[in-house]
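A short worksheet on the structure shown next.
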Amino acid sequence: MAIRVNPKLINELETYGAADVQNCYHCGNCSATCPFSKEPFVIPRRSMRHLQMGLEAKLKGTLEPWLCYYCGECSQQCPRGAEPGETMMSLRRWLTSRYDLTGVARLFYRSWKAELVALILVSLATMTAFLVMGFGIGHGSLGVYAGAGALFPDHLVHLLDLGLAALLASVLLTNAFRMWWFTTGSNRNLHISLWLYVKNVFLLPYHFLTQARYRQCEKKLPWLNHLAIFLSWVTMEVLVIVLLERLHSAETDWAVHAFGYLATIGLLGGTAYALLGRARKSETHYKHTHPTDLMFLILIAGAALTGIVQHASYRWLGLDSVANIAYLIHMMFVIPLLAVQIPFSKLSHLAYRPLAMYLAAVHADALTSRQAGAAETEPVRLAA
Amino acid sequence: MAAKKLQIALYWGAACGGCDVAVLDTNEFILDVAAVADVRFWPIAVDGKYADVEAMADGELDLALFDGAVRNSENEHVAKLLRAKSKVLVAFGSCAHMGGIPGLANLVTKDEILATAYLANASIEPGSQTIPHARSNVDGMTLEIPTFYRRVYRLSDVVDVDYFVPGCPPAPDQVKAVLLAVVKGELPQRGSVVGASERAVCDDCKRTKSEKKVRSFHRPFEVIQDSSKCLLEQGILCMGSATRSGCGVRCPNSNQGCRGCYGPLAGVSDQGAKFLSALASIVDSKDPKEIEQILDGLPDFTSFAYRFGLPASTLQRSYR
Amino acid sequence: MEEIKIGVFICNCGTNIAHHVDLDAVLEAAAAMPGVAVARSYRYMCSNPGQEMIARDIREQQLNRVVVAACSPRMHEKTFRGACRNGGLNPYLCEMANIREQCSWVHSDRLAATEKAKALTSAAIRRVWHHEPLESLTAEMCPATLVIGGGIAGLTAALELADAAHQVYLVERTAALGGNLARVDLTAPHLDSARDLLTERFTRVGENPWITLMLNSELQSLAGYVGNFAAVVRTKSDDDTVQERKIDVGNVVVATGYKEFNADRITHYGHGKLPNVVTSFEFEQMLRKGRIETRDGRLPQYVAIIHCVGSRNKEFHGYCSRVCCMTALKYAHELKSANPACYVSDIYVDMHAFGKGHEDFYKHTSEVKTLFLMFDKNERPVIRMADPSDDCEMLIEVNETLSRERIEIPADLVILMVGMEARADSGEVARLVNISQDKDGWFMESHPKLDPVATTTDGIYIAGTCAAPKDIPDTVAQARAAAARILGKIAKGKIEIDGVFAEVRDDRCSGCRMCNELCPYSAIEFHLDTKRSQVIPAACKACGACVAACPSGAIKGRHFTMEQLHAQIDGVLA
Amino acid sequence: MSFEPKIVGFLCNWCSYTGADLAGTSRIQYPPNIRVIRVMCSARIEPEFVLRALAAGADGVLICGCHPGDCHYSEGNYKAMRRYPLLKTLLKDYGVDDDRVRLEWVSASEGQRFADIVIDMTERVRALGPLRIKTDLQADAVER
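Protein chains in written order, with the numbering used here: chain E, 1 to 384; chain L, 1001 to 1320; chain F, 2001 to 2574; chain H, 3001 to 3144.
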């Protein structure tokens, strides 16, 4: 059955950051240089083509944008300056907005001002909530940072964390399910047995923690930087959620705080490197900066900075009130990051990337087993 | 003293007698000839014997008209005899000039001819198949008959010939012209062809000639002809373009293609090969298969091309 | 018949011949042959001393024939003919024997090679016996030129010739000049107006006294040969009275252009049935009126352009019509500039952007968001009406090659890029001026690479799209090339006709007309009054076809007569 | 000593003769049995020349021309193409073996092809043995 061509889609993708896509005349240099473009995936040319032709159904059902780590080789190779790298980036943004059931992601990507307003509102709401809760309900005092009478007692923070986790889980899970449905579930000519799902399930945590795929790009620094930021952020989350009490214990519990300091360095160093790179456009993938990229980095940097200030003022300087204020500001960065960025903007890729790796392996197996059924060829394994 | 009468002789070798009839066809003119000439030897018409000719002095005859080809030893013997006895020896008619219809025998071997005539012939009673030999004894006597040569020769192959009169038979008015020329002594250079034109039959043929492009060949009965248009252009084989005129265009005027009996033009050494070159060139096709198909419309081209002149052709006979 | 005195000169060519051929034996055999006055062997006959030796021997020994046994005549026949001329002997009384390329270089057995060299030399000696002195003829070159076709090619050629102050007769069948270019609005890739290109030429043609412009006129007949053509041009005036005019010209430039492919022949496209499927020329009319709209006056939101309509496929024409790709890009630009909200889909086979500035034009067309869709040339898009619910009038279904998807493309207006085709009557024109056509009906050039504007018939030149599809720069270049070739000939004033040609002996020709059709150059004329055929020396190329086919041997092939070839046959077998 | 056939070759100046010259410049060896006569076009070769060569002692005749469509005179080789089959029927009636007379298209660049044709034809005619038309005709004049 013929698929309808929709020449208007390309205009929509321009709002997501795609540029000059129409210049591509399919010489194939990009796919030739892309380290990930292996059977059955044609990265990035197939997506470029579907985008040019406006085959929305095809684009929604593809995993290929998620298999691209924007090493930028393709954009350098392109004789027509069609920026395939940035196009794939814009496709990831577009897919994020498509996976998001609520449509908020689409709003944020379509107008970054809306996202900024949302972020500010959420951070103000956090401030008032914490103040009301700290002074009003908990009757804590500004001067006390930890223990009894603390402005922001640990158990309250735990409550908040659990609530946030529940919200994130619900949004991310539904969007991840939709991703699965668009790319795999609804794809009639892919027959995937349960075994294939089970066989590859270890890929989910593996890719989540190591971004192994990113390491295959020629330049290793972008992967390392991303890994540093990511692991630091995970350690920080673990510390805050699980070991909060030990963090706030009177003595410096080096077994824990060492990790804290490391994570902070990772976060600050990583974001600083990224922000500088984007400012100086030093790398191909730093050439085009979408406002959402900036907001994302600023939030992380802000959270990390206020985090260390709050810790230093409490732990080293003993200025509880300063620590409390720092903590409040820290929350005004963290909550919007978690509540807005994860479900409706760039950070949602933390779920989609590993899922994409996993599903890609499943697809590859399904296709090769079908081909194997058809012809005895050696099964092609995607580089795990 | 009345001018001495012209001493003439006529003879027929391997012939059909048509040429002799052609001489008679000059009707009353033959009487004028008789008035000025004595016919000393003309086997078909007057009663003269070889001995009479042998008795003559050399050159006693002013003119000898030899028609018919040389097929056996008798023909050669008489040819040599007449050569010796006559001042002017004329090869009279296609057979003497080019070998004629008998000349076609050169396409087969002597054995095949004798077998066809004396062995494989339906009218021969089984058991009595005898082949005549030059010498055979019958009832105690030896019987000699002329030896049957293994091929047919033209007159000029065996003796020097002074003039050639083409045609099968030569047209009566041409015969008259030749005889008058001899009488008046106005004969051209020795060895040339007389009693014919120096141009091809087409020159005298009334049919209009235009684009020569042939896509298929037919027998005359297979098509309704346009009698005003050149026969060859209608796909009917006509050798007029490669044959001397002089016959009065007898065949094309009766809606039959010329068969070339008046022989080749001066500039042509092999009439059949030349006609082949011309005819094939005007076949209107550039595809080898199609060409072969068109040429298949000529069932026996060799016999047509050399109907009157196989012994005069470059290869003269078959080499099977 | 003067006494034949032959000089035989045997070349060693260093060791090239001497190595495998015993030259003394060949020399000795040659010297013994009748008529041989002098026989010499020399290291390099083609060297200056070698050539002077020939000239000196001719003068001193009163030689009237020369045989040179050496390399191939294709190599040095001219040289040794020159040597004979220097010696005062007619160059055609010289014959070569090829005892190098076709003897010493290819046979290592010395004995056999020597035997062959002897045979070849004896053949040459017997042949040269029958050679006759031949003089090359000269004919006057009429400076006037006939240009057929008033399109850009004809106009350019006519002006080039007229500017050199030579008479030009410009014959145009229709009532107006401009040809196909006049039916076009802008031209690719610089989008300059066709009208500007043409009006400048119209005015110059109008003002130039050397150009006689004959509109509504057609060539009726052309007789004669290069430098001496007699043309009859028939002009239809308005009240349908027909007037014939006889003009004498030296050369002819055929610039009759092309006809666009009739799109109705491809039923898949529904041209003629679907109202909004138009050909490129119909779209040009819209552009010239300045209003791009569908038949019912709406501004089209989706426009599709289909390439290779009638070109590059097995069913119609195998060749590429070269100009449609850039014209299609031009339409994409004009559509976008007329209506920026318009979505243009360009459905093509391959993008042939070969000319100057074409690749940039192609890139620029991408930048204005034209959607390029590729299909396989042996498969064809199918156009059908869309459902009323669709936001477009038609849908084009095709297998798109780059994505390997079967797609349907929305279109309110479809432009068919019709290819070029030889004009229906190009056969008559070809027969009139006696040039041949290739399998697609385009006029055949003398040599595709070395001689593209000349034809196998001297004096007849072809320029522009009548010879093959081409764009305006190539057409103008060819028109000027043809004019330059003609100006070269006019400047020379005389045309030299090589001494070797066929000749009908009037005393033998019997008017059978067997030869008339055989000549590919129509160099044999039949005179109805005398009922005799006659060869036109200037037009005859000496191929010998008529000589071989003349049933009464009335045509003499000068320098390749029957006697010469018979002698050569007997010679090689001696 | 094995029988060495004499073969007369009629080559057209623009294609086959040039091809034969190319075989020379490329030093491609082939049997010396062929003796070449140059004509401007294969259309000039009259069937009578072939018969005359055979009658003058040739054991085989090779006619060469340009490939159809390549002829320098655009249509000359088609005349040779048309005369050849009719000449072959004539030769068959004369009892001349089929392999003795041959028509081949050789382009100016096919030096190797020309040599191969000469090698092949020499072998075939050698196998057929001498044609002996000349000697037979001389004999005809004497023995009856």
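Positions of the beta carbon are idealized from the N, C-alpha and C atoms, including for glycine.
Within chain F, the residues L2573 have their CB atoms less than 7 Å from the CB of K3006 (chain H), given in chain order. Taking C-alpha positions only, I265 (chain E) is separated from S37 (chain E) by approximately 35 Å. The beta carbon of I2490 (chain F) is closer than 7 Å to those of M2141, P2143, H2166 and G2250 in its chain, skipping five residues each way along the sequence.
In this structure, the CA atom of V198 (chain E) is about 24 Å from the CA atom of Y214 (chain E).
The C-beta separation of L2093 (chain F) from R2065 (chain F) comes to about 5 Å, placing the pair in contact by the 8 Å criterion. Under the DSSP definition of a beta bridge, C2512 (chain F) lacks any partner. Taking CB atoms only, R2127 (chain F) has no neighbour in chain L less than 8 Å away. Taking a C-beta distance under 8 Å as the contact criterion, L67 (chain E) and L59 (chain E) do not qualify as a contact pair. For E3110 (chain H), the closest C-alpha among the options H:M3040, H:R3100, H:I3037 and H:C3066 is that of H:C3066.
When secondary structure is reduced to three states using DSSP, R2558 (chain F) falls in the coil class, being assigned neither helix nor strand. Per the DSSP secondary-structure output, W1012 (chain L) pairs in a beta bridge with L:D1067. When beta bridges are read from the DSSP output, I2524 (chain F) appears opposite F:V2535. In summary, Y2362 (chain F) is buried, with 16 or more beta-carbon neighbours lying within 10 Å of its beta-carbon over all protein chains present. In this chain, the alpha helix (DSSP H) harbouring Q3112 (chain H) covers G3111 to L3128. Not one beta carbon of chain L lies nearer than 8 Å to the beta carbon of C2094 (chain F). Minimum Cα-Cα distance from M2385 (chain F) among the listed residues F:P2410, F:K2336 and F:E2077 corresponds to F:P2410. Any Cβ of chain L closer than 8 Å to the Cβ of N2516 (chain F) would place that residue at the interface, and such an atom is present.
Taken in chain order, the members of the region 3045-3064 of chain H whose beta-carbon sits within less than 7 Å of a beta-carbon on chain L are E3046, P3047, E3048, L3051, R3052, L3054 and A3055.
For a cut-off of 8 Å, the C-beta gap from V2008 (chain F) to A2039 (chain F) is around 4 Å, short enough to register as a contact. A Cβ-Cβ separation of about 19 Å leaves A366 (chain E) out of contact with A176 (chain E) under the 8 Å criterion. Residue state for F259 (chain E) is assigned as helix, using DSSP reduced to three classes.
Proximity of C2540 (chain F) to chain H, defined by a Cβ-Cβ separation below 8 Å, is not satisfied. In this structure A1200 (chain L) touches A1242 (chain L) by the C-beta definition: roughly 7 Å separates them, less than 8 Å. Listed by position along chain E, the residues whose Cβ is nearer than 8 Å to that of S2345 (chain F) are V5 and P7. Residue-level contact by beta carbon fails for Q216 (chain E) and chain F, as no gap is shorter than 8 Å.
The region 328-345 of chain E makes contact with the region 164-174 of chain E; the number of CB pairs closer than 8 Å reaches 3 or more. In the DSSP assignment, I2306 (chain F) falls outside any alpha helix (DSSP H) and within the unbroken beta strand (DSSP E) covering Y2302 to V2309. For a cut-off of 8 Å, the C-beta gap from Y2269 (chain F) to L2416 (chain F) is around 6 Å, short enough to register as a contact.
A323 (chain E) places its beta carbon less than 8 Å from that of S313 (chain E).
Within the same chain, Cβ atoms closer than 8 Å to the Cβ of L244 (chain E) are found at D154, V157 and H158, the five residues on either side in sequence being excluded. Taking a Cβ-Cβ threshold of 9 Å, the residues of chain H close to E2101 (chain F) are A3020, D3021, L3022, A3023, G3024 and T3025, in chain order.
Closest in alpha carbon position to V309 (chain E), among E:L338, E:L297, E:M357 and E:G260, is E:G260. Using a Cβ-Cβ distance cut-off of 8 Å, the region 2271-2290 of chain F and the region 2174-2187 of chain F are in contact, since at least three pairs of beta carbons, one from each stretch, lie closer than that value. Its Cα nearest to that of V1159 (chain L), the residue L:V1088 stands out among L:V1175, L:V1088 and L:K1206. Using a CB distance cut-off of 8 Å, A2548 (chain F) counts as an interface residue toward chain L. In the DSSP assignment, D1020 (chain L) falls outside any beta strand (DSSP E) and lies within the alpha helix (DSSP H) extending over G1018 to L1024.
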